[in-house]
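Participant: One structure is given below, represented as structure tokens, and several questions about it will come after.
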Amino acid sequence: MEDRWGIVVTQLQDLYKLNDVADFESLDPKNMNFHSMSVNQLSELQLSLENRHSVNEKMQNYCRELVENIAYIVEHYPVQQEIKSELEYGGVSGGGESSGGLTGGGVGAGGVAGESSSVGRSFWTSQFNPSEPIEVGSDVAYKSKKTGEWIQCICTKVSGDGLRFEVKDPEPDEFGKPGGIFKCNSKEILLIPPVTSKKSQLPNYPINTKVLARYPETTTFYPAIVCGSKRDGTCKLRFDGEEEIDKETEVERRLVLPFPSRK
Numbered sequence: 001m002e003d004r005w006g007i008v009v010t011q012l013q014d015l016y017k018l019n020d021v022a023d024f025e026s027l028d029p030k031n032m033n034f035h036s037m038s039v040n041q042l043s044e045l046q047l048s049l050e051n052r053h054s055v056n057e058k059m060q061n062y063c064r065e066l067v068e069n070i071a072y073i074v075e076h077y078p079v080q081q082e083i084k085s086e087l088e089y090g091g092v093s094g095g096g097e098s099s100g101g102l103t104g105g106g107v108g109a110g111g112v113a114g115e116s117s118s119v120g121r122s123f124w125t126s127q128f129n130p131s132e133p134i135e136v137g138s139d140v141a142y143k144s145k146k147t148g149e150w151i152q153c154i155c156t157k158v159s160g161d162g163l164r165f166e167v168k169d170p171e172p173d174e175f176g177k178p179g180g181i182f183k184c185n186s187k188e189i190l191l192i193p194p195v196t197s198k199k200s201q202l203p204n205y206p207i208n209t210k211v212l213a214r215y216p217e218t219t220t221f222y223p224a225i226v227c228g229s230k231r232d233g234t235c236k237l238r239f240d241g242e243e244e245i246d247k248e249t250e251v252e253r254r255l256v257l258p259f260p261s262r263k
């Protein structure tokens, strides 16, 4: 349940950041004289509106996921258990130090909750995507040891040396139970750029570049080939194994990661 609360807090923080990025008050079409604008001014306005549309879509997705997570917490909140715990332990509860030397959220000495100050990085580096900082709350792609597939997770703990991690699958399993918690090393994790990343921080991939991208309406990343890029950075991709021949799929730029491979 604490992990689910952590996800909700992270989503609220991301929504707050997106609201700052949107800067809604800076555009007021009612007071604009389009006839007196130059071509460059109209192009800049078009780009601003496209960016706003993209941010609005992201905010809608975050709101949808936020509502689902809060609904889950309300439905599964152990009211009687919490009351009993407070009576027995004086209202202080929480996990202690985790195994494996990983540090993160929990209750430390003196019952004071704290967050990990450690920052990690991925083993894989690329000029097209940052490999650090990976910290508690970061969106990451984790390579499953069982299936070999890359799935979107949230980093929950980082080791002191920044090379070992604990990640949480935010999606429930097929039985509706909370997603699993996994431990991994720097070769089994990729940083997903924050939603607040600027376009200049995420350069376009050259055509025919092999990437790892999250397939729409899933949390799984699959190999794909870049076919092109839109003005807002959205990538046009051709996923490996797609049933429809030459089908191009558009994926948000931050969800298109460099394919991990040795040079």
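So the sequence shown is numbered by full-length UniProt numbering: it starts at 1 and just counts up by one.
We put the beta carbon where it would ideally sit given N, CA and C, even for glycine.
None of these values were measured; they are calculated from a predicted model.
Once the 5 residues before and after S54 are set aside, which same chain residues still bring their CB inside 6 Å of it?
Facilitator: D232, listed in sequence order.
Participant: Whose C-beta lies closer than 7 Å to the C-beta of L203 among residues of the same chain, with five residues either side of it excluded?
Facilitator: The sequence as given places Pro at residue 203; Leu does not occur at that position. Closer than 7 Å at the Cβ level, and outside the excluded window around P203, lie F128.
Participant: Got a sec, what are the start and stop residues for the beta strand (DSSP E) D240 sits in?
Facilitator: First-last for D240: undefined, no H or E at that position.
Participant: Helix, strand or coil, according to DSSP, for V67 in the structure here?
Facilitator: If DSSP states are grouped into helix, strand and coil, V67 belongs with the helices.
Participant: Could you tell me the distance, in whole angstroms, from the CA atom of V136 to the CA atom of R121?
Facilitator: Going by the C-alpha atoms only, they are around 12 Å apart.
Participant: Opposite F150 in the DSSP bridges: which residues?
Facilitator: A quick correction: the sequence has Trp, not Phe, at residue 150. Beta-bridge pairing links W150 to K143 and F221.
Participant: Can you pull the DSSP bridge partners for P258?
Facilitator: Partner(s): V211.
Participant: Measure the alpha-carbon distance for I7 versus E252 and round it to whole angstroms.
Facilitator: Roughly 21 Å separates the two Cα atoms.
Participant: Which same chain residues, not among the five before or five after P130, have their C-beta less than 7 Å away from its C-beta?
Facilitator: Cβ neighbours of P130 beyond the five flanking positions: L191 and P193.
Participant: With which residues is N185 paired in a DSSP beta bridge?
Facilitator: DSSP, once it has assigned bridges, lists R164 as partnering N185.
Participant: Would you say the beta carbon of R238 comes nearer than 8 Å to a heavy atom of the ligand NAP?
Facilitator: In the structure on display, the ligand NAP does not appear, and there are no ligands present to speak of.
Participant: Using DSSP bridges, identify the partner residues of K177.
Facilitator: Note: K177 sits in no beta bridge, so no partner.
Participant: Quick one: grab the DSSP three-state call for K247.
Facilitator: Reduced to three states, the DSSP call for K247 is coil.
Participant: Give the DSSP-derived three-state secondary structure of V112 in the structure shown.
Facilitator: Residue confidence for V112 is low, a pLDDT of 31 falling below 50, so the modelled location carries little weight; the figure read from the coordinates is stated next. Correct three-state label for V112: coil.
Participant: Is the stretch 204-211 touching the stretch 223-240 in the sense that three or more CB pairs, one from each, lie closer than 8 Å?
Facilitator: Yes, the stretch 223-240 is in contact with the stretch 204-211.
Participant: Run through DSSP, which three-state label would K199 get?
Facilitator: K199 falls in the helix class under three-state DSSP.
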